[in-house]
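So the structure is just underneath, and the comments pick up after that.
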Amino acid sequence: MKSSAGLAVATWDALLGLLVCTPLVVAHWRAIWFLLDWFVLPERPLLSGWLCCVIGHALVLAAHLAQHALDSIGDDEATLANVKVQPQQQRRRPLQRPWREFAGRFYTPLLSVATIAQWRGVWLLHDLYLIDAGPLPSALVSLVFGCLGLALTGALKTMSASPPFAVGSDVPWAYFDAPTRLGRRPDREGGWTWFTVDCMLTVIVMHTLLVSGWRGLWALLDVLRRSPMASLVSGTTATVLLMVTQAPAGFLWRRLGGETKAPKNMLDSEAGVSKVILEEEFRPSKNASRGLSWVQRLFEELWHLAAAYACVSVWRGIWMLIDEWLQDDVTAFALLAIGSLLLLQSLYAANNVLTRGVSVDGHGVAFDVAFFAELLTAPSSGLS
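In my numbering, the protein residues as written are 411 to 794.
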């Protein structure tokens with residue numbers, strides 16, 4: 411693919427993520443969150459928070475544990491036995507997909523409710539247990555706890571791994587994927603024991619840290635009395651700046667590690683710029699044997715924090731505007747929850763409402779925005 415075509419696809423990916431997917435995803439989250447506030451023990455907030463936290467964590471953990479079983483739904487064993495492809499391409503094999511698509515129709519809406527319940531539970535418990543500390547200390551405690559915890563576990567990038575900085579398509583080979591922190595699999599060394607531990611670490615520990623970090627940033631913006639429109643404008647501006655500068659930032663990140671050569675195919679060979687930069691950064695670099703330098707690590711962490719601010723600011727702006735428009739209209743929120751998900755499904759982007767797995771640090775500053783890139787490199791497109 412020519413560089414101009416790659417740049418065009420990357421631009422359309424970024425625009426679709428920021429202007430279409432992000433508002434729909436936030437609308438779905440706000441609607442489900444409101445309905446949980448309305449129906450799940452509204453007069454007993456502490457019990458409501460714990461109930462959402464426990465049930466949400468349990469269901470999200472179950473989805474992580476079942477991802478490989480779900481991924482095999484509809485596989486034609488006779489066909490797969492005759493498919494001769496490289497291991498990295500095997501996941502994109504042709505599948506008998508009716509049962510997979512049927513399962514997916516239930517998987518996304520059910521897991522979206524579970525994910526939002528998980529977030530609401532942790533968020534509400536933070537609100538209740540930190541209420542005596544005051545608004546600013548409460549926000550700072552959540553922010554430091556979440557961000558420091560994710561940074562120490564090597565997953566601060568997870569803070570910004572949501573629309574508009576993480577947008578993908580509902581491609582069948584990755585529909586049920588939920589990447590875990592240690593990358594364990596039940597069919598490899600350690601078996602189900604280590605895979606279960608890995609999933610529990612990802613869901614119970616790291617997702618809790620993620621919610622804490624988001625709550626801290628959000629509450630800090632509340633303390634600053636940032637209006638919905640100001641929050642949306644500042645977040646959108648920061649998002650655009652980060653998107654535009656990610657290619658030079660990636661080059662600078664490599665320079666900090668001792669590499670002076672830019673990727674040969676930064677705008678070539680693949681459908682999207684972000685996708686290409688990601689693949690370049692996953693390749694072993696000249697300093698791979700000694701790991702990342704502390705300057706690289708610091709630069710990457712600051713970059714992810716800036717992206718997290720932009721992401722939270724955009725979400726908060728849209729969220730508060732929806733509150734202003736719909737007030738406490740239960741019917742309107744119910745219609746919004748259903749309508750936003752149906753629109754995302756029709757756009758082949760429904761899985762963007764889910765928070766699954768973690769994003770591991772140490773692979774550079776590129777954002778995983780590859781909606782059109784994934785579709786153009788799908789087996790059915792003829793371009794893979």
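Note that beta-carbon positions come from the ideal geometry of N, C-alpha and C, so glycine has one too.
- Residue pairing for Val722: DSSP places it in no beta bridge.
- Secondary structure at Val779: strand, using DSSP grouped into helix, strand and coil.
- Taking Asn761 as reference, the option from Ser414, Ala571 and Pro547 with the minimal CA-CA separation is Ala571.
- Annotation: Pro638 to Thr646 spans about 12 Å, alpha carbon to alpha carbon.
- As the crow flies, the alpha-carbon of Glu710 is around 13 Å from that of Leu652.
- The Cβ neighbour count for Glu599, taken over all protein chains shown within 10 Å, is under 16; the residue is labelled exposed.
- Counting only unbroken stretches of 3 or more residues, no beta strand (DSSP E) element lies wholly within the segment 412-444.
- The alpha-carbon separation between Leu538 and Leu456 amounts to approximately 7 Å.
- Residue Trp704 holds the alpha-carbon nearest to the alpha-carbon of Gly667 among Val419, Ser641 and Trp704.
- Contact between the segment 770-788 and the segment 568-588 is present, with at least three C-beta pairs closer than 8 Å.
- DSSP, read as helix, strand or coil, puts Ala571 in coil.
- Leaving aside the five residues that flank His714 on each side, the residues in its chain whose CB is nearer than 7 Å to its CB run, in chain order, Leu566, Lys567, Met569 and Ser570.
- Sixteen is the threshold: since fewer than 16 other Cβ atoms of the shown chains lie within 10 Å of the Cβ of Ser756, the residue is exposed.
- The three-state secondary structure of Val470, taken from DSSP, is helix.
- If you look at Gly578, you'll find it isn't in any alpha helix (DSSP H); DSSP assigns it neither H nor E.
- Taking every protein chain shown into account, the CB of Phe444 has 16 or more other CB atoms within 10 angstroms, so this residue is buried.
- Within the same chain, and ignoring the five residues on either side of Leu785 in sequence, the residues whose Cβ sits closer than 6 Å to its Cβ are Ser579.
- The beta carbon of Thr432 sits closer than 7 Å to those of Pro573, Pro574 and Val724, all from its chain and outside the five residues before and after it, given in chain order.
- In the assembly as shown, Gln706 is a buried residue. Its beta-carbon has 16 or more other beta-carbons within 10 Å.
- Taken through DSSP and simplified to helix, strand or coil, Ile483 comes out as coil.
- Per DSSP, Phe586 lies in no alpha helix (DSSP H) segment and is marked neither H nor E.
- DSSP, read as helix, strand or coil, puts Thr655 in helix.
- Between the C-alpha atoms of Ser622 and Cys462 there is a straight-line separation of about 15 Å.
- Here Ala513 is not near Arg766, since their CB atoms are 9 Å or more apart.
- The alpha-carbon separation between Leu417 and Gln477 amounts to approximately 33 Å.
- Residue ranges of uninterrupted beta strand (DSSP E) with 3 or more members are absent from the segment 539-571; none lies entirely inside it.
- Nearest Cα to Ile614 within the set Leu520, His438 and His474: His474.
- Contact between Val633 and Leu546 holds: CB atoms are separated by about 5 Å, below the 8 Å threshold.
- Residue range Val740 to Ser756 is occupied by the alpha helix (DSSP H) that includes Ala747.
- The beta carbons of Gly459 and Leu535 sit closer together than 9 Å.
- By the Cβ neighbour-count rule, Arg515 is exposed, with fewer than 16 other Cβ atoms within 10 Å of its own.
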